[in-house]
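J.:
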Amino acid sequence: MTIPEHTPDRRLRIGGDLPYFATHTELRDYVQAFEEMGYDHLGFGEHVLPARAPNWPSSISPCEPWHEAFTRAAFVAALTSRVEIAASVLLPLRSAGLAAKQAAEIDLFSEGRLRLSVSVGWNREEVAAFGVDPATRGRLIEEQVEVMRLLWTEPFVNYRGKLIQLEEVAVNPRPVRPVPVWMGGGDFEGGGVPRPVVLDRMARIADGYKMFGPLMRNVDAGLDVVRRLRALVAKHGRNVDDFGIEARIPLQLVPEEEWVPRLETWRRAGASHITLSNRRGAGGADAEIARLARFRELTDGLY
Numbered sequence: 049m050t051i052p053e054h055t056p057d058r059r060l061r062i063g064g065d066l067p068y069f070a071t072h073t074e075l076r077d078y079v080q081a082f083e084e085m086g087y088d089h090l091g092f093g094e095h096v097l098p099a100r101a102p103n104w105p106s107s108i109s110p111c112e113p114w115h116e117a118f119t120r121a122a123f124v125a126a127l128t129s130r131v132e133i134a135a136s137v138l139l140p141l142r143s144a145g146l147a148a149k150q151a152a153e154i155d156l157f158s159e160g161r162l163r164l165s166v167s168v169g170w171n172r173e174e175v176a177a178f179g180v181d182p183a184t185r186g187r188l189i190e191e192q193v194e195v196m197r198l199l200w201t202e203p204f205v206n207y208r209g210k211l212i213q214l215e216e217v218a219v220n221p222r223p224v225r226p227v228p229v230w231m232g233g234g235d236f237e238g239g240g241v242p243r244p245v246v247l248d249r250m251a252r253i254a255d256g257y258k259m260f261g262p263l264m265r266n267v268d269a270g271l272d273v274v275r276r277l278r279a280l281v282a283k284h285g286r287n288v289d290d291f292g293i294e295a296r297i298p299l300q301l302v303p304e305e306e307w308v309p310r311l312e313t314w315r316r317a318g319a320s321h322i323t324l325s326n327r328r329g330a331g332g333a334d335a336e337i338a339r340l341a342r343f344r345e346l347t348d349g350l351y
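The sequence shown finishes on residue 351 if you use the working numbering, and the numbering steps up by one all the way, no holes.
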């Protein structure tokens, strides 16, 4: 394994996933314990209308308790006071105006704790169910991100894109700062590796990259994605150290003795954020809270 050396002068932020718990009680107990243990960010994804499709992975059921991302973000914001809310949103499922408004509200009510990660979604049938042509997802998300940033910073917005047209519209109240917009990409067939066009899009317009779950199983492939992405960020004239990288460690798949070495591998590769991935939550809230406590015990004082 060849690890690109890059260790900028910044604190590594360590957080985790919010597992797919179905009950309010398990979600509440986990979220509150997570913050009490001092973790930095709590992430979660979504499906709104998961569509059974040929490319749906056999290991995951479309009948999992998928919660809508902004609703869950509001729930997390109400239960916490410090942790960053790292919501992953399938942006083409919403209009840019609605997504901008929802994100602004969450950021305001959480006092600036939202980090929004957007993607086009790998489930093409789900996108089509919302009346969006899956073939336009890439072009659409670029316009959506541009529009959202305008709505967060300008009193009135006029926009004439190929897919979005707006005239004298506004989001009020606006967030006190532009919400950070990170991007994810990849699919199950490709092992979570984003296609070249997606990597280039991230490097051009995103504030950071959030690793798609399947890629965490292949460290070498993930390191290559980070290397390629950082090179593209520099190619586009942006400051590489300002571009966030969120890597993932699958706690349920990696033995305890490999947790710290895996963390150090990603840190040396330039990751700014590490997410401890345990979305399946197979043991229930108590078991997952214990796993987080064990990780904190093993890494106490190291980062």
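Note that the Cβ used here is the ideal one computed from N, Cα and C, for glycine as well.
Since this is a predicted model, take the numbers as computed values, not measurements.
For A333, count neighbouring Cβ atoms within 10 angstroms of its own Cβ and tell me buried if that reaches 16, exposed if not.
T.: On the sequence shown, position 285 is the one that residue 333 refers to. Buried, by the Cβ-count rule.
J.: Does the beta-carbon distance from W307 to A295 come in below 8 Å?
T.: As a first step, residue 307 must be located in the sequence shown, where it is residue number 259. As a first step, residue 295 must be located in the sequence shown, where it is residue number 247. The answer is no: Cβ separation not under 8 Å.
J.: Quick check on D235: does DSSP put it in helix, strand or coil?
T.: Counting from 1 along the sequence shown, the entry for residue 235 is found at position 187. Coil, per DSSP.
J.: How big is the Cα-Cα spacing for E312 and G209?
T.: Walking along the sequence shown from the start, residue 312 turns up at place 264. Walking along the sequence shown from the start, residue 209 turns up at place 161. So the two alpha carbons sit approximately 43 Å from each other.
J.: In the structure shown, what three-state DSSP assignment does G209 receive?
T.: Position 161 of the sequence shown, counted from the start, is the residue given in the question as residue 209. Note: G209 maps to coil in three-state DSSP.
J.: Rounded to a whole number of angstroms, what is the C-alpha to C-alpha distance between D255 and A125?
T.: Residue 255 sits at position 207 when you count from the first residue of the sequence shown. Residue 125 sits at position 77 when you count from the first residue of the sequence shown. When rounded, the distance between both Cα atoms is 22 Å.
J.: To the nearest angstrom, how far is it from the Cα of W200 to the Cα of E336?
T.: Along the sequence shown, one-based indexing puts residue 200 at 152. Along the sequence shown, one-based indexing puts residue 336 at 288. Approximately 36 Å between the Cα atoms of the pair.
J.: Would V131 pass as a contact of L90 if the rule is Cβ separation under 8 Å?
T.: Position 83 of the sequence shown, counted from the first residue, corresponds to residue 131. Position 42 of the sequence shown, counted from the first residue, corresponds to residue 90. For V131 and L90, yes; Cβs fall inside 8 Å.
J.: Entirely within the region 166-235 and at least 3 residues each: give me those beta strand (DSSP E) ranges in chain order.
T.: Fully enclosed beta strand (DSSP E) runs of 3 or longer: 205-208, 213-217, 229-231.
J.: Which residues does DSSP pair with R296 in a beta bridge?
T.: Taking the first residue of the sequence shown as 1, we reach residue 296 at position 248. DSSP output for R296 lists T323 as bridge partner(s).
J.: Among S320, R225, P309, which one has its Cα closest to the Cα of F343?
T.: Numbered from 1 along the sequence shown, position 295 holds the residue referred to as residue 343. Out of S320, R225, P309, P309 has the C-alpha closest to the C-alpha of F343.
J.: Just checking, does the region 315-326 make contact with the region 265-277 on the three C-beta pairs under 8 Å criterion?
T.: Because the criterion of three Cβ pairs below 8 Å is met, the region 315-326 and the region 265-277 touch.
J.: Pick from R163, L75, E116: whose alpha carbon is nearest that of K258?
T.: The residue labelled residue 258 in the question sits at position 210 within the sequence shown. Checking every option, the nearest Cα to that of K258 belongs to R163.
J.: I'd like to know whether the C-beta atoms of V193 and V229 end up nearer to each other than 8 Å.
T.: Reading the sequence shown from its first residue, position 145 is the one you call residue 193. Reading the sequence shown from its first residue, position 181 is the one you call residue 229. Contact: yes.
J.: Since L299 contacts R339 with CB under 8 Å, what's their CB separation in whole angstroms?
T.: In the sequence shown, residue 299 corresponds to position 251, counting from 1. In the sequence shown, residue 339 corresponds to position 291, counting from 1. Right, the Cβ-Cβ distance comes to about 6 Å (below 8 Å), so this counts as a contact.
J.: Which partner residues does S136 have in the DSSP bridge list?
T.: What you label residue 136 is simply residue 88 of the sequence shown in a count that begins at 1. According to DSSP, which records beta bridges pairwise, S136 is partnered with S165.
J.: Please tell me whether Y78 and P113 are closer than 8 Å, where the distance is taken between their beta carbons.
T.: The sequence position of residue 78 within the sequence shown is 30, counting from 1. The sequence position of residue 113 within the sequence shown is 65, counting from 1. Their beta carbons are not under 8 Å apart, which means Y78 does not touch P113 by this criterion.
J.: Contact check, V224 vs G160 under 8 Å by CB: the rounded distance?
T.: As a first step, residue 224 is located in the sequence shown; it is residue number 176 there, counting from the start. As a first step, residue 160 is located in the sequence shown; it is residue number 112 there, counting from the start. Indeed, because the Cβ distance is near 6 Å, the residues count as touching under 8 Å.
J.: For P105, collect the residues of the same chain with a Cβ closer than 7 Å to its Cβ; drop the 5 residues on either side in sequence, then sort them by chain order.
T.: By one-based count along the sequence shown, residue 105 stands at place 57. Here the set comprises F236.
J.: Between V195 and F204, is the Cβ-Cβ spacing less than 8 Å?
T.: Counting from one through the sequence shown, the residue named residue 195 turns up at place 147. Counting from one through the sequence shown, the residue named residue 204 turns up at place 156. Not a contact, by the Cβ cut-off of 8 Å.
J.: State the beta-bridge partners of K283 as determined by DSSP.
T.: Position 235 of the sequence shown, counted from the first residue, corresponds to residue 283. Per DSSP, none; premise fails for K283.
J.: Have a look at A70 and T119 and give me their C-alpha separation to the nearest angstrom.
T.: Residue mapping note: residue 70 aligns to position 22 of the sequence shown, counting from 1. Residue mapping note: residue 119 aligns to position 71 of the sequence shown, counting from 1. Spanning the two alpha carbons is a distance of roughly 14 Å.
J.: DSSP on T50, reduced to helix/strand/coil?
T.: Start at 1 with the first residue of the sequence shown, and residue 50 comes out as number 2. Note that T50 scores a pLDDT of 45, beneath 50, so its modelled location is shaky and nothing firm can be said.
J.: How far does the alpha helix (DSSP H) with F123 in it reach, from first residue to last?
T.: Within the sequence shown, the letter at position 75 stands for residue 123. Note, F123: alpha helix (DSSP H), 117-127.
J.: If contacts are defined as beta-carbon pairs under 8 Å, then G232 and S165 qualify, I think. What distance do you get, rounded to the angstrom?
T.: Counting from 1 along the sequence shown, the entry for residue 232 is found at position 184. Counting from 1 along the sequence shown, the entry for residue 165 is found at position 117. Between S165 and G232 the Cβ distance is about 6 Å, and since that is below 8 Å, they are a contact.
J.: Have a look at G349, G261, G270, R172 and flag the residue whose alpha-carbon is nearest the alpha-carbon of G64.
T.: Taking the first residue of the sequence shown as 1, we reach residue 64 at position 16. Selected option, being the one with the closest Cα: G261.
J.: Do you know how far the Cα of A148 is from the Cα of V227?
T.: Walking along the sequence shown from the start, residue 227 turns up at place 179. Walking along the sequence shown from the start, residue 148 turns up at place 100. One C-alpha to the other measures close to 9 Å.
J.: Just verifying my parser: in three-state terms, what is the DSSP assignment at L90?
T.: Residue mapping note: residue 90 aligns to position 42 of the sequence shown, counting from 1. L90: strand per DSSP, three-state reduction.
J.: Once you ignore the five residues that flank D88 on each side, which residues in its own chain have a CB closer than 8 Å to its CB?
T.: Stepping through the sequence shown from its first residue, residue 88 is reached at position 40. Excluding residues within five positions, the ones whose Cβ falls inside 8 Å are R61, I62, G63, V131, E132, H321.
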